[in-house]
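Chemist: First the structure, then my questions, so here it is.
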Amino acid sequence: MKNKAILPAVLGMAHGVSDCAAGLLLGSLSSDQSIYSIAVMVMLYNLLAFGAQPLAGLIIDKLKSPKPAVLIGLAAMCSAILLFYINPFASVILAGLASALFHTGGGALALCATPGKASGAGLFSAPGVAGLAVGGFLAVNGIFPAAFMLVLLLVLFAAVYILKSPGLPYNFISNDAEFDKHDFVMLILLLAIALRSAVWNIFQHMEHGGLQNIILISIAAAGGKIFGGYAGDYFGWKRYSYTALLAAMPLLILGEHSIYFLLPGIALLQSVTPLMVTAIYKNIKKLPATASGLSFGLAIAAGGIPFAAGAEIKNYPSPLIIAGLMLAVIFMVYYSFRNKYKMQQLNKLLNYSNIYSLWLSRGKTKEAAFELTVQQLDALEEITENDDSWMELVRISAAGRIHDAWLALDWPEGFDELVLCVPLCKLVNWECSKCTVGMRQENNSCANDYSLFGFIGTLVMNGERDELLKHIKNARRILKNEKYLWNIHKCEAELIKT
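Counting from 1 along the sequence shown, just add 20 to a position and that's the residue number in our numbering.
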C-alpha cells in the first residue's frame with residue numbers, strides 16, 4: 021500500500037466502525053420493529069447526522085482543524101455508546117453530531133492525503149455503508165457488543181492521532197477552474213435519475229429479502245466506491261462518471277424485478293461518490309471539510325426527500341420521468357463539455373494573486389519575471405486561438421471596462437492586459453522608466469493604450485483577433501530579445517538601430 025493511502029485507509033476503517041456504532045444504536049432503539057421501520061430510523065439519522073455536515077465543514081475549515089474534528093467525533097461516538105444505557109434518545113443525538121464531525125474532518129484528511137486523486141475519497145467512504153448495515157444487523161439480532169465497539173473506536177482514535185496529518189490547503193493559492201455549474205448540475209441530475217429508481221427498489225428488496233439483501237446491497241455500495249476512486253483516476257473522472265451513471269440507470273430500473281440487476285446498478289451508482297467529492301474539493305480547494313460535508317452529508321440528507329414524500333412519488337411512472345430527464349441530460353452533456361473546455365482555456369491565464377505569488381515563490385528574480393510574463397502571453401495566445409474562449413474573452417473585456425478601468429485583480433470576471441506583465445511591474449515597483457519594456461517604448465507606461473501591453477487591450481476591445489495573434493508574437497519577441505524596441509507611435513516592433 022502506498023504511503024499516501026495509509027491515512028485514508030485507517031480513516032475508512034474508523035468510518036466503518038463509527039457508522040457501525042451508529043447503526044447499532046439506531047437498530048437497538050427498535051429491535052422489535054420491522055426492517056422497514058429500521059430503514060426509516062436510519063434515514064432520520066442521516067437527516068440529523070449528515071444534514072449538519074456542511075455547517076460542520078465550514079466551522080472546521082474556519083478553524084483549520086480537520087484532525088481534531090475526527091478525534092472529537094470518535095470520542096463523541098464512544099460517549100454515545102455509554103450514554104445509550106442512560107438516555108437512548110440523547111445517545112442518538114450525540115451519535116448524529118459525532119458523525120457530522122467525523123465525516124467532514126475525515127473526508128477532508130482523506131482528500132488532502134491524495135491530492136488530485138479520487139482514490140483517497142473512495143477508501144474513506146467505502147466502509148461507511150457496510151458498517152451501518154453490520155450495526156443494524158447486530159442490533160436486530162439482539163447483539164450489543166458495547167465493550168468491543170469502544171475498544172475498536174479507541175484503537176482507531178490512537179491510530180489517527182499517531183498518523184501524521186497531510187499538507188492542508190488553507191494557505192494555498194489555487195488557479196483551478198472556476199466551479200463549473202453546468203457540469204455539476206448535469207451530474208446531480210444524473211444522480212437524481214438513478215436515485216429515483218434506487219431508493220424505492222432498495223426498500224422493496226429490504227422488505228422482501230430481509231437482512232441478506234441489506235448486506236448484499238452494502239457490499240455492492242462499498243465495493244463500488246473503492247473501485248470508482250481508482251477507476252476514475254485511471255480513465256478520467258468525467259469520462260468514468262458519465263459512463264457509470266448512464267450504465268447504472270437501466271440496471272436500477274431492472275432492479276425493481278431482480279436484485280441481480282440492482283446490485284451492479286448500486287455499485288455503479290456509488291462508484292461515482294469519490295469522484296464527485298474530489299471534483300467538488302478541487303473547485304473549493306481551501307475548504308476540504310466543506311467539500312466533504314456537501315458530498316457525504318448534504319447529498320445523503322437530500323436522498324431522504326423522496327422517501328419522506330411518501331407514496332405519491334412511488335406512483336409516478338419511472339420510464340416517463342427518465343425519458344424526459346434524459347432529453348435534458350443529452351443537451352447538458354453537450355453544453356457541459358463545451359463550457360468546461362472554455363473555462364479550462366480561460367484559466368490558463370493566471371490572475372493577479374496567482375501570478376504574483378508564483379513570481380515570489382521563484383525568488384522574485386528578473387529571469388522569473390520574464391519567464392512568467394512569456395507564460396502569460398502563451399496562455400493568452402491559446403485563449404485567442406480557440407473560438408469559444410476568444411468570444412468569452414471579448415465579452416468579459418467589453419462588460420468589465422464599462423464599470424471598472426483597473427481589472428487586473430478581477431480575472432476572469434474582468435480583463436485588464438496588465439495582468440500579463442504583473443511580475444515585470446513588481447520587479448521595478450511600477451517604475452516604468454526602470455523596466456526593460458518601458459525603456460524600449462520611450463519610458464511610457466503599459467497602461468498607455470498603444471504601449472506593448474496596452475495595445476493588447478485595445479485589440480481585444482476591438483475584436484481584432486488576427487492582429488492580436490500577430491501582436492502576441494511581437495511582444496514575445498521583444499521580451500526574449502533586447503535588440504527589439506516597441507514603436508508606440510506606429511505600434512510596431514523594430515530593431516534597435518546601432
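The beta-carbon is built from N, C-alpha and C at its ideal position, and this holds for glycine as well.
In whole angstroms, what is the alpha-carbon distance linking ILE193 and ASN374?
Modeler: Because ILE193 sits at a pLDDT of 47, beneath the cut-off of 50, its placement in the model cannot be relied upon, and the following sentence gives the value as read from the coordinates. Going from the Cα of ILE193 to the Cα of ASN374 covers about 6 Å.
Chemist: Any contact of the stretch 242-252 with the stretch 287-298, i.e. 3+ C-beta pairs under 8 Å?
Modeler: With a cut-off of 8 Å, the stretch 287-298 and the stretch 242-252 count as touching, because enough Cβ pairs lie within range.
Chemist: My parser needs the beta strand (DSSP E) runs of 3 or more residues fully inside the stretch 220-295; what are they?
Modeler: Here no run is fully enclosed.
Chemist: Quick one: what does DSSP say CYS441 is sitting in, helix, strand or coil?
Modeler: DSSP places CYS441 in helix when its eight states are reduced to three.
Chemist: Rounding to the nearest angstrom, what Cα-Cα distance links VAL442 and LYS302 in this structure?
Modeler: Using only the alpha carbons, I get a separation of about 26 Å.
Chemist: CB-CB under 6 Å to GLY43, same chain, minus the five flanking residues each way: which ones, in chain order?
Modeler: Taken in chain order, the residues that qualify are LEU152, GLY155, GLY156.
Chemist: Opposite ASP506 in the DSSP bridges: which residues?
Modeler: Residue identity differs from the one stated: residue 506 is Trp in this sequence, not Asp. According to DSSP, which records beta bridges pairwise, TRP506 is partnered with ALA513.
Chemist: Assign PHE157 to one of three DSSP states: helix, strand, or coil.
Modeler: It is helical.
Chemist: With distances taken Cα to Cα, identify the nearest neighbour of ASN487 among THR404, SER417, CYS445, ILE516.
Modeler: Per the sequence shown, residue 487 should be read as Glu rather than Asn. The option with the nearest alpha carbon to GLU487 is THR404.
Chemist: Could you give the distance in angstroms between the alpha-carbon of LYS503 and the alpha-carbon of LYS517?
Modeler: Those two C-alpha atoms are separated by around 9 Å.
Chemist: Below 8 Å on the Cβ atoms is my contact criterion, and I expect LEU369 with LEU392 to pass it. Report the Cβ-Cβ distance as a whole number of Å.
Modeler: Incorrect: roughly 12 Å between the Cβ atoms, too far for contact.
Chemist: In or out: MET33 buried (at least 16 other Cβ within 10 Å) or exposed?
Modeler: Flag for MET33 reads buried.
Chemist: Measure the C-alpha to C-alpha separation of ALA76 and ALA309 and round it to an integer number of angstroms.
Modeler: Rounded to the nearest angstrom, the two C-alpha atoms are 8 Å apart.
Chemist: Could you give the uninterrupted runs of the alpha helix (DSSP H) lying entirely in the stretch 429-485, keeping only those of 4 residues or more?
Modeler: Counting only runs of 4 or more, we get 442-447, 456-459, 474-482.
Chemist: Could you check which residue in TYR280, PRO432, ILE273 has the C-alpha nearest to that of VAL414?
Modeler: Nearest option by C-alpha distance: PRO432.
Chemist: Excluding the 5 residues flanking PHE473 on each side, which residues of the same chain have their C-beta closer than 8 Å to its C-beta?
Modeler: Once the five neighbours on either side are set aside, the close Cβ partners of PHE473 are GLU437, LEU438, LEU440, CYS441, VAL457, CYS466, ALA495.
Chemist: Just confirm the distance between the C-beta atoms of GLY142 and SER119, as a whole number of angstroms; I'd bet it's less than 8 Å.
Modeler: In fact, because the Cβ distance is near 19 Å, the residues do not count as touching under 8 Å.
Chemist: By the DSSP assignment, the alpha helix (DSSP H) with LYS570 in it spans what residues?
Modeler: Outside the displayed span of the chain (21 to 518) sits residue 570, for which this structure offers no information.
Chemist: Can you tell me whether ARG497 is helix, strand or coil according to DSSP?
Modeler: Helix.
Chemist: Taking just the CA atoms, how far does LEU236 sit from GLN365?
Modeler: Distance between the alpha carbons of GLN365 and LEU236 is about 45 Å.
Chemist: Give a yes or no on contact between the stretch 176-190 and the stretch 127-142, applying the rule of three or more CB pairs nearer than 8 Å.
Modeler: Enough Cβ pairs lie closer than 8 Å, so yes.
Chemist: Quick one: residues in its chain with C-beta nearer than 7 Å to the C-beta of SER19, no 5 flanking neighbours on either side, listed in chain order?
Modeler: Residue 19 lies beyond the stretch modelled for the chain, which goes from 21 to 518, so this question has no answer here.
Chemist: Mind checking which residues open and close the alpha helix (DSSP H) that includes THR310?
Modeler: It spans 308-312 - the alpha helix (DSSP H) in which THR310 sits, taken as one unbroken run.
Chemist: My understanding is that GLY140 touches PRO28, with C-beta atoms under 8 Å, so please give their C-beta distance in whole angstroms.
Modeler: The Cβ separation is near 4 Å, so the contact holds.
Chemist: Between which two residues does the alpha helix (DSSP H) containing ASN371 stretch?
Modeler: Element bounds for ASN371: n/a, residue is neither H nor E.
Chemist: If the criterion is Cβ atoms closer than 7 Å, does the pair ALA146 and LYS258 meet it?
Modeler: No, they are not a contact pair.
Chemist: Do we get a CB-CB distance below 7 Å when we pair SER453 with the residues of chain B?
Modeler: The question asks about chain B, but that chain is absent: this structure has only one protein chain.
Chemist: Report the rounded CA-to-CA distance for LYS184 versus ASN507, giving the unit in angstroms.
Modeler: Distance between the alpha carbons of LYS184 and ASN507: 58 Å.
Chemist: Could you tell me which of ILE234, SER261, TYR260, THR263 sits nearest to ILE279, measuring between CA atoms?
Modeler: Among ILE234, SER261, TYR260, THR263, the Cα nearest to that of ILE279 is on ILE234.
Chemist: Please state whether DSSP places PRO189 in a helix, a strand or coil.
Modeler: It is coil, neither helix nor strand.
Chemist: Give me the Cα-Cα distance between ALA329 and ALA240, rounded to the nearest whole angstrom.
Modeler: Reliability of the predicted coordinates at ALA329 is poor, the pLDDT of 48 falling under 50, and the value obtained from them is presented with this limitation in mind. Cα to Cα, the separation comes out at about 26 Å.
Chemist: If you check the beta carbons only, do GLY275 and LEU282 fall under 7 Å apart?
Modeler: A contact, by the Cβ cut-off of 7 Å.
Chemist: Going by beta-carbon coordinates alone, are ALA166 and GLY47 separated by less than 7 Å?
Modeler: It is not a contact, given that the beta carbons lie outside the stated cut-off.
Chemist: Excluding sequence positions up to five away, which residues of its chain have a Cβ less than 8 Å from the Cβ of PRO337?
Modeler: Low confidence applies to PRO337: its pLDDT is 44, below 50, so where it sits in the model is not reliable enough to give any reading.
Chemist: DSSP three-state call for THR134: helix, strand or coil?
Modeler: DSSP places THR134 in coil when its eight states are reduced to three.
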